[in-house]
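Visitor: Adding 243 to a residue's 1-based position in the sequence shown gives its number in the working numbering.
Glycine included, each C-beta is placed from N, C-alpha and C at the ideal position.
Following this message is one structure expressed as structure tokens.
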Amino acid sequence: MIKSLAYLGINSPHYKEWEIFGPEVLGLQHAGYGPDGAVHLRLDEAAHRIAIHPGERDAIAYIGWSVKDEASAKTITDRITAYGLEVTRSRTQESAQRKVEGFYWFHDPSGFRHELSWGQYHTVAPFHPGRALKGFRTAEQGLGHIVLAVADLDEGDRFYREVLGFHQSDIVRDGPLEAHFYHINGRHHSLAITSLPTRDVAFLHLMIEANSLDDVGTAHDMCEQRGIPITTTLGRHSNDQMISFYMYTPSGFRLEYGWGGLDVDHDLWVPRTYDKPSSWGHRRQHQELTALKMVDTPSS
244 MIKSLAYLGI
254 NSPHYKEWEI
264 FGPEVLGLQH
274 AGYGPDGAVH
284 LRLDEAAHRI
294 AIHPGERDAI
304 AYIGWSVKDE
314 ASAKTITDRI
324 TAYGLEVTRS
334 RTQESAQRKV
344 EGFYWFHDPS
354 GFRHELSWGQ
364 YHTVAPFHPG
374 RALKGFRTAE
384 QGLGHIVLAV
394 ADLDEGDRFY
404 REVLGFHQSD
414 IVRDGPLEAH
424 FYHINGRHHS
434 LAITSLPTRD
444 VAFLHLMIEA
454 NSLDDVGTAH
464 DMCEQRGIPI
474 TTTLGRHSND
484 QMISFYMYTP
494 SGFRLEYGWG
504 GLDVDHDLWV
514 PRTYDKPSSW
524 GHRRQHQELT
534 ALKMVDTPSS
């Protein structure tokens, strides 16, 4: 069983900007560099959870999920190969670069590269945020959540639930919008998928959850002071109850900065359907800024 969202890799010609953007705006710790010069960023005791690699264009490179051990990963990969997709085991060098003991990787039906990893490295050095804050909600809930636009929503739903083992939290249907939300631990959702009218595949956003609402407010102020586009205003989501806003990162994707997300108990949870994604706020702006529609292979 997949336990959490472990890490995320992005390719970007603007990777160096994350040396400042990550610590000063988001409050992350700059945790050094990868062999290719990738900027590594920490949120907690994990060696790093976000890697921004040098690349010719802004693109999502890989999505890392945590499993208990290699045997657990193999159980899932058997279902993936039975589905008709190719699975590859990481080389020792690749595992070291991700700061894990090992992983299997594959491309899902929409072309996103996923990595089923185990043994994520933790460091005894304490997390030092780039600015004063009260930390992030991670631990067994992992990095946060991601939202993907997939080529076929029905196929994506079947694949993530029946093959990868995600559990449905709820569905939002609002006019042409339909989004499916999935949990794998206590976090209301670690993954959500939707389908764009154009059927384009896109990485829509990454969410990280602060331990304090004040830290969300500080990040919001900093975006305004530095001219960082706020693509969705402060608001509360209807399904997971999170108070958040969305900013546009230097690498062309949206990042949701939130607080107060709902916990779910899988044994008691009953999936629901909502008619609106938010109960208040979350007004969209900067519509000229497009979603990250590029999917690349890792540079390293």
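Less than 8 Å between C-beta atoms, sequence neighbours within five positions excluded: which residues of the same chain meet that for ASP506?
Guide: GLY429, ARG430, HIS431
Visitor: Quick check: the Cα distance between ALA435 and VAL390, rounded to an integer number of angstroms?
Guide: 5 Å
Visitor: Tell me whether ALA289 is buried or exposed, calling it buried when 16 or more other Cβ atoms sit within 10 Å of its Cβ.
Guide: buried
Visitor: Counting along the chain, where does the alpha helix (DSSP H) carrying HIS463 start and finish?
Guide: According to the DSSP assignment, HIS463 belongs to the alpha helix (DSSP H) that extends over 456 to 469.
Visitor: Are the CB atoms of TRP502 and ALA453 nearer to each other than 8 Å?
Guide: yes
Visitor: Could you round the C-beta distance between HIS388 and MET450 to whole angstroms and report it? I think they count as a contact, below 8 Å.
Guide: 5 Å
Visitor: Whose C-alpha, out of LEU407, ALA314, VAL406, ILE473, is nearest the C-alpha of GLU344?
Guide: ALA314
Visitor: Grab me the residues of ILE547's own chain with a C-beta within less than 6 Å of its C-beta, minus the 5 sequence neighbours each way, in chain order.
Guide: Nothing can be reported for residue 547: it is not among the residues displayed for the chain, which extend from 244 to 543.
Visitor: On a Cα-Cα basis, can you pick out the residue from LEU420, PHE424, PRO472, LEU376 that is closest to LEU286?
Guide: LEU376
Visitor: So, does the region 290 to 310 touch the region 246 to 265, judging by three or more C-beta pairs under 8 Å?
Guide: yes
Visitor: Using a threshold of 8 Å, state whether the C-beta atoms of GLN363 and PRO278 are closer than that.
Guide: The answer is no: Cβ separation not under 8 Å.
Visitor: Could you tell me the alpha carbon to alpha carbon distance between GLY470 and HIS283, rounded to whole angstroms?
Guide: 24 Å
Visitor: Look up ALA339 in the DSSP assignment and say whether it is helix, strand or coil.
Guide: helix
Visitor: In terms of residues, what are the limits of the beta strand (DSSP E) holding ARG545?
Guide: Lying before the first or after the last residue shown, residue 545 is absent from the chain, which here runs from 244 to 543.
Visitor: Take ARG416 as the anchor and find which of SER481, LEU271, ALA316 has the nearest alpha-carbon.
Guide: SER481
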